[in-house]
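Colleague: Chains as they are written, first to last, in this note's numbering: chain A, 6 to 396; chain B, 272 to 581.
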Amino acid sequence: MHKLVIALIAAGCVSSAALAQTSPLKIGFVAELSGPQAPLGQDQYDALMMLIEQNGGKLGGVPVQVIKEDSQLKPDVANQVVDKLLEKDKVQIITGVTFSNIMMAVHKKITDKGVFLIGSNAGPSPVAGAQCSPYFFSTSWQNDNQAEVVGKYASDKGYKNVIAMAPNYQAGKDFVAGFKRSFKGGTVTDEIYTPLNQQDFSAELAQVASKKPDALYVFYPGGLGVNFVKQFQQAGLNKSITVMSTSTVDGSTLPALRDAALGMLSGTFWGPDFPNEANQKFVAAFEKKYNRIPSQYAAQSYDAAQLLDSALRKTKGKVDDKKAFHAALKAADFKSIRGNFKFGTNQFPVQDMYMFDVAKDSQGRVSLRTVSKPLVNHVDAYAAQCVMKAL
Amino acid sequence: MMTAQLALSHLLNGLQLGVLLFLLAAGLTLVFGIMSFVNLAHGSLYMLGAYFGAAAFANTDSFLLAIIAAVGGAGLVGLLLDRFALTKLYARDHLDQVLATFGLILFFNELIRIIWGPSSIFIQVPKALDSTIDIAGITYPSYRLAIIAVGLAVAFGLYVLIQKTRVGMLIRAGATNANMVAALGVNIKWLNTLVFALGAALAGLAGVMAGPIVSVQPGMGEPVLILTLVVIIIGGLGSIRGAFFAALIVGVVDTLGRAFMPTLMRSLMERNAADAAGPALASMLIYLFMAVVLAVKPQGLFPANVAATR
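#1: Taking the alpha-carbon positions, what's the A/V35 to A/V111 distance?
#2: Given this structure, state the Cα-to-Cα distance separating B/T447 from B/M306, to the nearest angstrom.
#3: Consider the Cβ of B/G490: report whether some Cβ of chain A lies at a distance smaller than 9 Å.
#4: Output the boundary residues of the alpha helix (DSSP H) element that contains A/K409.
#5: Chain A beta carbons: is any one of them nearer than 9 Å to that of B/T358?
#6: At least one CB of chain A closer than 9 Å to the CB of B/H313: is that the case?
#7: Should B/A329 be labelled buried (16 or more other beta-carbon atoms within 10 Å of its own) or exposed?
#8: Taking the alpha carbon of B/A372 as the point to measure from, which residue in B/L382, B/E381 and B/L360 has its own alpha carbon closest?
#9: Using the Cα positions of B/G522 and A/Q204, report the straight-line distance between them to the nearest angstrom.
#10: Against A/N243, what residues of chain B qualify as contacts under a CB-to-CB distance less than 8 Å, listed in chain order?
#11: Taking all protein chains shown into account, do 16 or more other C-beta atoms lie within 10 angstroms of the C-beta of A/T350, making it buried, or fewer, making it exposed?
#12: Please work out which residues of its chain come closer than 7 Å, Cβ to Cβ, to B/V585, disregarding the five sequence neighbours upstream and downstream, and give them in chain order.
#13: Is there a C-beta anywhere in chain A that falls below 9 Å from the one on B/A326?
#14: Measuring alpha carbon to alpha carbon, tell me which residue in A/A303, A/D325 and A/Y359 is nearest A/G119.
#15: Give me the Cβ distance between A/Y359 and A/A52, rounded to the nearest whole Å; I'm assuming they're in contact under 8 Å.
#16: Could you name the residues of the same chain whose beta carbon sits closer than 8 Å to that of A/P299, not counting the 5 residues immediately before and after it, in chain order?
#17: Checking the sheet assignment: what are the DSSP bridge partners for A/H383?
#18: With distances taken Cα to Cα, identify the nearest neighbour of B/L336 among B/P397, B/N463, B/P489 and B/L301.
#19: What does DSSP give as the partner residues of A/S5 in its beta bridges?
#20: Got a sec, what are the start and stop residues for the alpha helix (DSSP H) B/V431 sits in?
#21: Using a Cβ-Cβ distance cut-off of 9 Å, determine whether A/L229 contacts chain B.
#22: Assuming A/T251 is part of the beta strand (DSSP E), what are its boundary residues?
#23: Residues of chain A with a CB under 9 Å from the CB of B/V485: which are they?
#24: Counting only beta-carbon atoms, is B/S554 nearer than 9 Å to chain A?
#25: Can you check whether the C-beta of A/T199 is within less than 9 Å of a C-beta belonging to chain B?
#26: Between B/A514, B/L319, B/I406 and B/L382, which lies nearest to B/A275 when the distance is taken from Cα to Cα?
#27: DSSP on A/Q26, reduced to helix/strand/coil?
#28: How is the alpha helix (DSSP H) around B/T499 delimited, first residue to last?
#29: Contact between the region 312 to 323 of chain A and the region 55 to 68 of chain A: three or more CB pairs below 8 Å?
#30: According to the neighbour-count rule (16 or more other Cβ atoms, all chains shown, within 10 Å of its Cβ), is A/Q252 buried or exposed?
#31: Mapping DSSP to helix, strand and coil, what is B/N458?
#32: Considering only their Cβ atoms, is the gap separating B/L377 from B/V348 smaller than 9 Å?
#33: Any Cβ of chain A within less than 9 Å of the Cβ of B/P574?
#34: At a cut of 8 Å, does the region 478 to 486 of chain B reach the region 222 to 242 of chain A through at least three beta carbon pairs?
#35: Pull out every residue of the region 171 to 196 of chain A whose Cβ sits closer than 7 Å to any Cβ of chain B, in chain order.
#36: Is the beta carbon of A/P218 closer than 9 Å to that of A/N166?
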């Protein structure tokens with residue numbers, strides 16, 4: 006009897022050891038995959054999986070298994086799925102995370118465990134500043150960047166009188182604050198905050214029309230952006246007022262808007278028309294596989310996948326040696342599809358920020374077209390507050 | 272722009288929102304009034320109307336066909352729902368009905384997501400209406416004027432149907448006392464199905480007409496459902512006339528509140544506090560209005576009868 010038990014235990018040890026050698030490296034993916042915000046998470050997921058698929062199920066030559074979790078834009082659900090990834094699946098890398106409130110809910114929990122978190126969208130200010138962690142890297146931007154570039158553009162254009170519009174919640178106010186920070190030489194004459202669930206902007210647009218500003222700065226992500234742009238165009242205001250925006254006309258909303266969005270401006274870090282070779286390859290492959298133009302959310306996640314690919318290659322898949330893996334991530338030794346890319350002290354990208362306008366591409370589809378590069382090697386406003394701990 | 276012109280513009284916007292709400296409220300209030308049935312899935316029929324319309328528009332490029340597809344499609348779904356899913360629930364407790372129809376909301380949202388994907392889909396203003404019109408010094412989108420016109424026409428049509436036809440007489444009788452109507456030999460089942468399908472078709476019409484203005488995406492029916500519930504409570508359950516006036520009042524109060532409340536707040540308090548309080552108060556306004564109406568006239572402004580609200 007004793008012999009049998011020992012034999013069984015021995016067999017168990019052997020088989021689990023054998024399993025450890027062949028089982029792929031587990032990577033957790035957390036994003037908004039249901040509800041109105043699902044298109045963003047879906048693009049993050051699709052771009053990540055595309056690179057893994059192109060590499061034959063591997064990143065950096067190491068077989069990987071992506072465990073997909075939907076955080077449903079609910080911080081409590083995000084906490085549960087992250088607990089599951091950390092405790093049950095024992096992942097050492099998590100990527101994705103779509104919304105800032107979700108990032109704030111899970112950031113500390115993940116990095117305190119010594120698990121690497123590669124954020125491919127949300128970049129709330131505390132994570133870039135006081136709460137920065139050596140285990141956190143962002144392949145997107147600090148939230149304010151996408152507003153600051155628009156403010157700089159408005160200053161360059163010499164606009165004097167700008168009205169800002171955003172939903173009445175934290176991110177809305179942050180983006181307007183970011184815009185104002187870099188808008189010099191003119192004034193924001195009015196700030197209009199609409200309830201987050203408001204679908205119709207006719208009352209606000211009538212007021213904007215009556216005030217005749219030089220330009221309008223708006224932040225209306227996802228479906229709100231679709232509502233806003235349609236109604237703005239129908240009111241005939243696109244003939245008289247320039248719209249500058251953040252996260253309003255992008256890859257997730259343009260398919261629903263098409264011609265209604267023509268001429269509107271948007272500020273971000275990347276556009277599908279970037280001529281660099283890595284980007285051309287990415288865009289062509291994404292369009293072929295998913296039959297749509299990739300959004301910036303796909304681009305951010307693709308770079309996260311490329312970052313992991315480069316770091317896993319350098320360390321031959323050994324994430325356990327945290328110091329070495331951290332150094333490999335920090336080096337950012339890959340060809341970003343945005344061109345210039347390096348990590349700053351807070352491990353957010355130091356990068357160029359661009360303005361785009363909505364125009365028809367060579368195939369006649371409505372897409373984003375590069376207009377100018379108002380910010381070069383831009384460092385976010387919170388990096389100075391980050392005291393990065395050594396690993 | 273003159274203040275009077277701005278006010279006119281807001282009034283038109285309020286009217287437009289009002290007629291859209293009326294199309295939704297008419298069906299919901301009848302279903303509640305006649306069958307004493309709480310249908311939370313009414314917003315899903317609105318969403319289905321928008322999707323059927325968008326799909327027809329994408330394939331035919333004709334907005335008229337989009338409207339036909341939306342009205343017909345939503346009406347048909349309503350008919351099938353009534354026949355196969357909801358009949359058993361009519362006799363049940365309101366709480367059971369709320370639970371079951373809430374389940375339907377989740378079902379339809381997921382179904383739409385599976386078929387059309389999570390992103391909002393494309394539908395545009397018909398070419399002929401993609402312009403603006405100058406009225407008394409203001410520039411107003413033609414499409415919104417068209418919505419007002421269609422909404423008022425439907426309201427008139429419903430008035431004729433309910434007040435001047437035999438079917439309408441039965442519907443009114445059903446709203447007053449369904450048991451008595453059945454006892455008099457009218458096939459109340461058939462009447463229920465007809466009313467439910469009619470309400471669904473009107474919700475579909477509202478959906479397709481809202482499509483070019485708002486984002487057509489899964490879950491688009493819920494915010495508008497809440498406003499619709501407010502409308503039928505203010506108007507009086509089961510009363511089409513009540514739904515009509517309440518919808519217009521809610522539309523105008525909501526729009527004027529959003530337009531003037533932030534400015535008003537700024538004249539009363541410091542800017543930052545006003546920016547926070549203004550939009551919040553504006554979005555509360557119709558609920559405050561509902562509370563006042565309920566306090567003064569618990570049956571609503573135009574109650575159909577006492578029996579329907581038992």
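Yeah, the Cβ is synthetic: ideal placement off N, Cα and C, and Gly gets one too.
Modeller: According to the structure data:
#1: For this step, residue 35 of chain A is matched to residue 30 along the first sequence. For this step, residue 111 of chain A is matched to residue 106 along the first sequence. In a straight line, the C-alpha of A/V35 is about 10 Å away from that of A/V111.
#2: Translated into the one-based positions of the second sequence, residue 447 of chain B becomes position 176. Translated into the one-based positions of the second sequence, residue 306 of chain B becomes position 35. C-alpha separation (whole angstroms): 11 Å.
#3: Against the second sequence, residue 490 of chain B aligns to sequence position 219. By this cut-off, B/G490 is an interface position.
#4: Only positions 6 to 396 of chain A appear in the structure, and residue 409 of chain A is not among them; the question remains open.
#5: Here residue 358 of chain B refers to the residue found at position 87 of the second sequence. So, not an interface residue.
#6: For the purposes of this step, residue 313 of chain B is identified with residue 42 of the second sequence, where counting begins at 1. For B/H313, the answer is no, since every Cβ of chain A falls outside 9 Å of its Cβ.
#7: Start at 1 with the first residue of the second sequence, and residue 329 of chain B comes out as number 58. Around the beta carbon of B/A329, a 10 Å sphere encloses fewer than 16 other beta carbons of the protein chains shown; the residue is thus reported as exposed.
#8: For the purposes of this step, residue 372 of chain B is taken as residue 101 along the second sequence, with counting starting at 1. A small correction: the amino acid at residue 372 of chain B is Thr; Ala does not occupy that position in the sequence shown. The residue with the shortest Cα to Cα distance from B/T372 is B/L360.
#9: As a working mapping, residue 522 of chain B is identified with position 251 in the second sequence. As a working mapping, residue 204 of chain A is identified with position 199 in the first sequence. The alpha-carbon of B/G522 is positioned some 13 Å away from that of A/Q204.
#10: Locating residue 243 of chain A in the first sequence gives position 238, counting from the first residue. Near A/N243 there are no residues of chain B at all, since even the closest Cβ is about 11 Å away, more than 8 Å.
#11: In the first sequence, counting from the first residue as 1, residue 350 of chain A sits at position 345. It is exposed - the Cβ of A/T350 has fewer than 16 other Cβ atoms within 10 Å.
#12: Here chain B comprises residues numbered 272 to 581, so residue 585 of chain B is not present and cannot be evaluated.
#13: By one-based count along the second sequence, residue 326 of chain B stands at place 55. So, not an interface residue.
#14: Residue mapping note: residue 119 of chain A aligns to position 114 of the first sequence, counting from 1. Nearest option by C-alpha distance: A/D325.
#15: Position 354 of the first sequence, counted from the start, is the residue given in the question as residue 359 of chain A. Position 47 of the first sequence, counted from the start, is the residue given in the question as residue 52 of chain A. Incorrect: roughly 19 Å between the Cβ atoms, too far for contact.
#16: Here residue 299 of chain A refers to the residue found at position 294 of the first sequence. Here the set comprises D48, A52, G256, P277, F287, V288, F291, E292 and Y307.
#17: Taking the first sequence and counting its residues from 1, the one referred to as residue 383 of chain A is at position 378. Paired residues: A/Q356.
#18: For this step, residue 336 of chain B is matched to residue 65 along the second sequence. Minimum Cα distance to B/L336 is reached at B/P397.
#19: Lying before the first or after the last residue shown, residue 5 of chain A is absent from chain A, which here runs from 6 to 396.
#20: Counting from 1 along the second sequence, the entry for residue 431 of chain B is found at position 160. First-last of the alpha helix (DSSP H) with B/V431: S413 to K435.
#21: Here the question's residue 229 of chain A lines up with position 224 in the first sequence. Cβ-Cβ to chain B under 9 Å: yes for A/L229.
#22: Looking up residue 251 of chain A in the first sequence gives position 246. Segment T247 to T251, the beta strand (DSSP E) holding A/T251.
#23: Translated into positions along the second sequence, residue 485 of chain B becomes position 214. What B/V485 touches in chain A: Q204, D205, G228, V231, N232, K235 and Q236.
#24: Locating residue 554 of chain B in the second sequence gives position 283, counting from the first residue. For B/S554, the answer is yes, since a Cβ of chain A falls inside 9 Å of its Cβ.
#25: Residue mapping note: residue 199 of chain A aligns to position 194 of the first sequence, counting from 1. Yes, its Cβ sits closer than 9 Å to a Cβ of chain B.
#26: Walking along the second sequence from the start, residue 275 of chain B turns up at place 4. Checking every option, the nearest Cα to that of B/A275 belongs to B/I406.
#27: Within the first sequence, residue 26 of chain A is the residue found at index 21, counting from 1. Residue placement at A/Q26 cannot be trusted, given a pLDDT of 49 that sits under 50; what the coordinates show is reported in the next sentence. In this structure, A/Q26 counts as helix in the three-state DSSP scheme.
#28: Within the second sequence, numbered from 1, the residue matching residue 499 of chain B stands at position 228. Here the alpha helix (DSSP H) through B/T499 covers G492 to G506.
#29: yes
#30: Numbered from its first residue, the first sequence carries residue 252 of chain A at position 247. Residue identity check: residue 252 of chain A is Ser in the sequence provided, not Gln. Buried.
#31: By one-based count along the second sequence, residue 458 of chain B stands at place 187. Per DSSP, reduced to three states, the secondary structure at B/N458 is coil, with no helix or strand assignment.
#32: As a working mapping, residue 348 of chain B is identified with position 77 in the second sequence. As a working mapping, residue 377 of chain B is identified with position 106 in the second sequence. In this structure, B/V348 sits away from B/L377, with a CB-CB distance that is not shorter than 9 Å.
#33: Locating residue 574 of chain B in the second sequence gives position 303, where the first residue counts as 1. So no, B/P574 is outside the interface.
#34: yes
#35: Going along the region 171 to 196 of chain A in chain order, one finds N173 and E196 with a Cβ nearer than 7 Å to chain B.
#36: In the first sequence, residue 166 of chain A corresponds to position 161, counting from 1. In the first sequence, residue 218 of chain A corresponds to position 213, counting from 1. A contact, by the Cβ cut-off of 9 Å.
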